[in-house]
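Chains as they are written, first to last, in the numbering used here: chain A, 35 to 329; chain B, 35 to 329.
There are 2 protein chains.
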Amino acid sequence: MADGIKIAFLGTGLMGGPMARRLAEAGYDIAVWNRSPEKAAPLAEYGATVCASAAEAAQGANVLITMLTAGPAVHDVLFDKGAAKTAAPDAIILDMSSIKPAEARAHSEKLAESGRRHIDAPVSGGTRGAEAGTLAIMAGGDEDAFNALKDILTVMGRPVRVGPSGAGQLAKLANQAIVGIAIGAVAEATLLVSEGGGDLSAFRQALKGGFADSTILQQHGERMEKRDFTPGGRASVQLKDLDNVLSEAEALGLKLPLVEAVRDRYKRLAGPLGQGDLDHSALFLELLDLNERSV
Amino acid sequence: MADGIKIAFLGTGLMGGPMARRLAEAGYDIAVWNRSPEKAAPLAEYGATVCASAAEAAQGANVLITMLTAGPAVHDVLFDKGAAKTAAPDAIILDMSSIKPAEARAHSEKLAESGRRHIDAPVSGGTRGAEAGTLAIMAGGDEDAFNALKDILTVMGRPVRVGPSGAGQLAKLANQAIVGIAIGAVAEATLLVSEGGGDLSAFRQALKGGFADSTILQQHGERMEKRDFTPGGRASVQLKDLDNVLSEAEALGLKLPLVEAVRDRYKRLAGPLGQGDLDHSALFLELLDLNERSV
């Protein structure tokens, strides 16, 4: 599978690091770069070529993978730092960062000017999923380009093409919308059961396998019970995600009232209550505050 | 296990029918009664004694099971129709109906006056779960009484004791709160992805196994995509459940803002939009209406 393909992997942080490592271990010819070089260096021992610049890593690559913090960082690396133009003329740019759908579409159009194809493919599943190669991968873009990348994507997780350019980012936003609202639902259920004298651990056990069951109920519900809000996914990032959902919805002329309600609650948690650095399950603290209950 | 125990099963409708059948098949000595006798009659062929009145079925029972539509129906059968008093003096009354926690506690207290014990144990999992014996069973009440019933309950599903009297009903309400809000979340995610040009089936596939995944996403999300709102659980019942959640919350002095928001949306669906008889996933229709989108 790996024969003759040259991969460049730009952005080898918490998520990108283990993803690049899995590709190197799978036998791919891979060059890596990271803005803080100490996060790329350890990949040398898995056979990756560690590069001093993004453009150097991208040199002649057929597949150029980016895993960066946000849209502007992807733009900077691809276009300002010149990674896209030093990649092979027929290169596919595979952006696995979570950015706005509109940004993904703009990148795709700009790359098309020089004949380069683009797939947006953000992921869900955290560092554990990245290490185990079990990430949910939501892809958007040209179907042939997606199929050409399928072997590579499968090393990192379970890729599914959701639609045209930007659809991967759109699916990721919808994913984050569900997660945010589900946390709000579990917070209210948890408060109700605990104030009504039920045992929270037995409650989650009782619901297992039923319609109300979910990973959010079991994992985030337990964090609420134990008041353990070590992140995990930060409340401030959940807030940013929900803001992005709402700006995409606005661009489509849509009202999403539950997303809006939960966004406002995260805003209160991260703002006036000063808890943005806690895990997103800390929305429970905001609910306690609203109900004038002590922690 | 079944030796020497005499069960009465009152209310053998859609759910109670298969539950009673499983108990008969497991070898229990069981007498059954239903208000519409034709729903009890078929249980004879599984070895159940079909009775013409609730009191007759309850005669000398050690375990008196009720599976009725609401609190007043349970009160009527137990006290007005005299089933509780004709049961054995040491009988345990096992109410598997979904009723209000306050009603369950009142029944428990009234039964205690004549030395009879009471367990509230509503279920989740639908007729399929009832037939397969895989119901989620959320129980409240005395721990010894619960343990004494464990073998019987296990024939019908997975029983977990959540707390004292009423806690089973409380857990069921929390279960319904999560389900209602999750449907609202999936409706908004579904609308966002479809209006943004994503493929809904691929979207659900892409999220499988991740944090946003749930039975509600996969089953109710598919119903929304196909506009197939054949019930399943009716929107009008979901509305009644959410009203019960809010009246219990009020009794506990709690504000549950997401439950309230979703209750208001179901009220609009069942009221002005006239769709109360559809499946609860039809909340998607209310969201379409809110967004002035056609079905």
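For glycine and all other residues, C-beta sits at the position ideal for the given N, C-alpha and C.
- At least one beta carbon of chain B lies nearer than 8 angstroms to the beta carbon of residue 249/A.
- Distance between residue 325/B and residue 225/B, taken at the CA atoms: about 10 angstroms.
- Positions of the alpha helix (DSSP H) runs, each at least 4 residues long and wholly inside the segment 241 to 323 of chain A, are given as 255 to 260, 269 to 285 and 291 to 304 in order along the chain.
- Residue 129/A is bridged by DSSP to 100/A and 154/A.
- No Cβ of chain A is located within less than 8 angstroms of the beta carbon of residue 189/B.
- Think of a sphere of 8 angstroms around the beta carbon of residue 158/A: the chain B residues whose beta carbon falls inside it are 241, 244, 245 and 246, in chain order.
- Residue contact check for residue 172/B against chain A: a CB pair falls below 8 angstroms.
- DSSP places residue 192/B in the uninterrupted beta strand (DSSP E) bounded by 191 to 197.
- Here the segment 98 to 112 of chain A lies against the segment 41 to 51 of chain A, with 3 or more beta-carbon pairs under 8 angstroms apart.
- Out of 39/B, 194/B and 55/B, the CA that lies nearest to the CA of residue 46/B is found in 55/B.
- Taking 8 angstroms as the cut-off, the beta carbon of residue 219/A is found closer than this to the beta carbon of residue 216/B.
- Residue contact check for residue 278/A against chain B: no CB pair falls below 8 angstroms.
- In the three-state scheme derived from DSSP, where H, G and I count as helix and E and B as strand, residue 187/A is classed as helix.
- Close to residue 128/A, with beta-carbon spacing below 9 angstroms, lies no residue of chain B; the smallest spacing is near 16 angstroms.
- For residue 40/A, the uninterrupted beta strand (DSSP E) segment begins and ends at 40 to 44.
- Residue 176/B carries a coil assignment under DSSP once its states are collapsed to helix, strand and coil.
- Pairing residue 153/B with residue 169/B gives a Cβ-Cβ distance that is not under 8 angstroms.
- Close to chain B, meaning a Cβ-Cβ distance shorter than 9 angstroms, are the following residues of the segment 105 to 136 of chain A: 135.
- For residue 209/B, the chain A residues whose C-beta falls within less than 7 angstroms of its own C-beta are 241, 244 and 246, listed in chain order.
- Between the segment 169 to 181 of chain B and the segment 244 to 257 of chain B, the count of Cβ pairs shorter than 8 angstroms is below three; the stretches do not touch.
- Proximity to residue 116/B across 73/B, 90/B, 166/B and 322/B peaks at 90/B, based on C-alpha coordinates.
- If you look at residue 111/A, you'll find it isn't in any alpha helix (DSSP H); DSSP assigns it neither H nor E.
- With contact defined as three or more Cβ pairs closer than 8 angstroms, the segment 156 to 165 of chain A and the segment 230 to 240 of chain A are not in contact.
- Taking 8 angstroms as the upper bound for CB-CB distance, residue 238/A and residue 251/A are in contact here, some 6 angstroms apart.
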